[in-house]
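For reference, the structure discussed in these notes is given below.
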Amino acid sequence: MTSNASESAVTNRRVVGLDGIRGIAALFVVLHHTYLMSYPTYPVNSGPRGLIWLMYGHLAVVVFIALSGFSLGIGPARRDWQLGGKGRFAWRRAWRILPPYWAALVFSLIMCWTVAAEPGSAEPNAKAVVVYGLLLQDVFGSPVPNGAFWSIAVEAQLYIVFPLLLVMLRRAGAVAMVAAVTIVVTTVGVLAPHVSAVHLLIRLTPQFASLFALGLAAAGILRASDRVRNLPWQWFSLAAFVPVLVLLMVQGTVWFNDNQYWADLALAPAIACFLAAVATGRARSVRWLLDTWPVRRLGTFSYSLYLIHAPIVVAVSEKIVGPHFAPGLPRFLLTLAIVLPLSLVGARWFAAVFEIPFQRYRSWAALRDAARNRWRPVPAVPAEAPAATATAAATVAVATAEPDR
46 MTSNASESAV TNRRVVGLDG IRGIAALFVV LHHTYLMSYP TYPVNSGPRG LIWLMYGHLA
106 VVVFIALSGF SLGIGPARRD WQLGGKGRFA WRRAWRILPP YWAALVFSLI MCWTVAAEPG
166 SAEPNAKAVV VYGLLLQDVF GSPVPNGAFW SIAVEAQLYI VFPLLLVMLR RAGAVAMVAA
226 VTIVVTTVGV LAPHVSAVHL LIRLTPQFAS LFALGLAAAG ILRASDRVRN LPWQWFSLAA
286 FVPVLVLLMV QGTVWFNDNQ YWADLALAPA IACFLAAVAT GRARSVRWLL DTWPVRRLGT
346 FSYSLYLIHA PIVVAVSEKI VGPHFAPGLP RFLLTLAIVL PLSLVGARWF AAVFEIPFQR
406 YRSWAALRDA ARNRWRPVPA VPAEAPAATA TAAATVAVAT AEPDR
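So the sequence shown is residues 46 to 450, counted in our numbering.
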């Protein structure tokens, strides 16, 4: 593939395919949680062997974390790994992540208090509101309002170390940065079973730091030479993935549950190479699929889907389907038939209110002005007005509808 083909994978600073990856990963998490509610024997798979892949929903979060490092690294990679200001970065991340998260927390609490609490957890109390509101759920124990929220806290903590990773990358290079993080993470994993103080760190899922760092390093593919970009990254990814896949097939879900720490680390190279392949256009058929309208559209509200689907799954399973169907395939299929449209439509509307506006408008002032312009009447154009006046009025209409980017 030529460099022109590689460049075609990037359109107007958007890396083609990344939204699609987000969308598919979020949808996989919905399927996973629906399956677990229909076959509540995790980590043992009591369902059809052909559906055992639905037991591995954790891997979607693994992809999310690596993809997060990659996505956040795109801008710095184009600026010689310069962050552009820690304060600005912190504000943009908080502005992007927190409004939909807090709105989803309110939704989850209402669902827990009025419909059904998260299985295996007490009803959320004041402590849960504070802990989850401050994104400290992986530090302090409390009742769980939403089973998907654990990873949002991990993501927020990785944002804190992101500027440090960039400094390491600039001064020592990508290989040294990834190696340094992975050495620390590996040391924690080795010592955790033997040192109680170190074992406490496992609650923070430190292996995700390596995934995040490797995703960040993979973003360097966008500034690499033609020779590096044209390497067969898709085949590197497949070669790294197949041994892990075989291991999971042989060892099964119980082994995976007991060894997620090391399985996550083992998958990191395959995910990083896959992201490099998508970004450079090497995996043409996969990139085409990821950039089809339905998949790309799904990616635009994948964060909202991830945030609100769990209470919906619990409510449908516990209150609608569960009382009439024992665990099994009919329960899974019926639950899925109800959950999917509710989650997708609900997430799309939720995103329209709590997510997409915060993507388009980067400050309260811009958001307020956009809201005002949306409802501001367009000046009427008299029938006898000259063409120049009509053109000016049309320009005003377009300007008031155009988001502040």
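Ideal Cβ positions, reconstructed from N, Cα and C, are used throughout, including at glycine.
- Counting along the chain, the unbroken alpha helix (DSSP H) around Asn302 starts and ends at 278-303.
- Leu343 is not a Cβ neighbour of Gly62, given a cutoff of 7 angstroms.
- Rounded to the nearest whole angstrom, the C-alpha separation of Thr298 and Arg407 is 43 angstroms.
- Gln127 counts as exposed, since fewer than 16 other C-beta atoms from the protein chains shown sit within 10 angstroms of its C-beta.
- Judged by beta-carbon spacing, Tyr351 lies beyond the 7 angstroms limit of Ala162, meaning their Cβ atoms are not closer than that value.
- In this structure the segment 333-341 does not lie against the segment 276-283, because fewer than three pairs of beta carbons, one per stretch, are closer than 8 angstroms.
- Boundaries of the alpha helix (DSSP H) harbouring Lys131: 131-159, taken from the DSSP string.
- Shown here, Val331 sits in a helix according to DSSP, grouped into three states.
- Relative to Leu211, the option among Arg329, Ser362, Gly130 whose CA is nearest is Gly130.
- With at least 16 other beta carbons inside 10 angstroms of its own, Thr79 counts as buried.
- Leaving aside the five residues that flank His77 on each side, the residues in its chain whose CB is nearer than 6 angstroms to its CB run, in chain order, Leu99, Gly102.
- Within the same chain, and ignoring the five residues on either side of Lys364 in sequence, the residues whose Cβ sits closer than 7 angstroms to its Cβ are Val160, Ala161.
- Judged by DSSP secondary structure, Gln252 falls within the alpha helix (DSSP H) whose first and last residues are 252-263.
- Taking the Cβ atoms as the reference, Leu320 lies roughly 25 angstroms from Ala139, outside the contact range of under 8 angstroms.
- Judged by DSSP secondary structure, Gly65 falls within the alpha helix (DSSP H) whose first and last residues are 63-83.
- Excluding its 5 nearest sequence neighbours in each direction, Glu168 has C-beta neighbours in its own chain below 8 angstroms: Cys157, Trp158, Ala162, Pro188, listed in chain order.
- In the same chain as Ser347, and ignoring 5 residues on each side of it, the C-beta atoms closer than 6 angstroms to its own belong to Arg67, Gly68, Ala71, in chain order.
- The closest CA to that of His244, considering only Tyr306, Asp125, Leu290, Ser196, is found on Tyr306.
- A direct Cα-to-Cα measurement between Gly118 and Asp271 gives close to 19 angstroms.
- Restricting attention to Leu385, Val89, Ala135, Thr325, the CA atom closest to the CA of Asn275 is found in Thr325.
- If you look at Lys172, you'll find it in the alpha helix (DSSP H) that goes 171-178.
- Closest in C-alpha terms to Asp183, from the list Ser196, His354, Leu143, comes Ser196.
- DSSP places Met100 in no alpha helix (DSSP H); its state is neither H nor E.
- Annotated three-state conformation of Trp126 is coil, per DSSP.
- For Val230, the closest of Phe253, Ile155, Pro208, Ala148 by C-alpha to C-alpha distance is Phe253.
- Cβ contact annotation for Gly92 (same chain, cutoff 6 angstroms, sequence separation greater than five): Tyr84, in chain order.
- Ranked by Cα distance from Thr345, the first of Asn418, Trp394, Ala322 is Trp394.
- By the neighbour-count criterion, in which a residue is buried when 16 or more other Cβ atoms sit within 10 angstroms of its Cβ, Arg419 is exposed.
- In the structure shown, Gly118 adopts helical secondary structure according to DSSP, grouped into three states.
- Taking C-beta separations shorter than 7 angstroms and ignoring five residues to either side along the sequence, the partners of Leu181 in its chain run Ala198, following chain order.
- Shortest Cα-Cα distance from Leu209 to any of Phe403, Pro356, Gly114 involves Gly114.
- The beta carbons of Ala313 and Leu259 sit closer together than 7 angstroms.
- With fewer than 16 other CB atoms across the displayed protein chains lying within 10 angstroms of its CB, Arg248 is exposed.
- Looking at Phe257, Ala315, Asn304, Ala201, the one whose alpha-carbon comes closest to that of Pro88 is Asn304.
- Excluding its 5 nearest sequence neighbours in each direction, Ser166 has C-beta neighbours in its own chain below 6 angstroms: Pro188, Val189, listed in chain order.
- For Thr250, the closest of Leu310, Ser362, Leu293 by C-alpha to C-alpha distance is Leu310.
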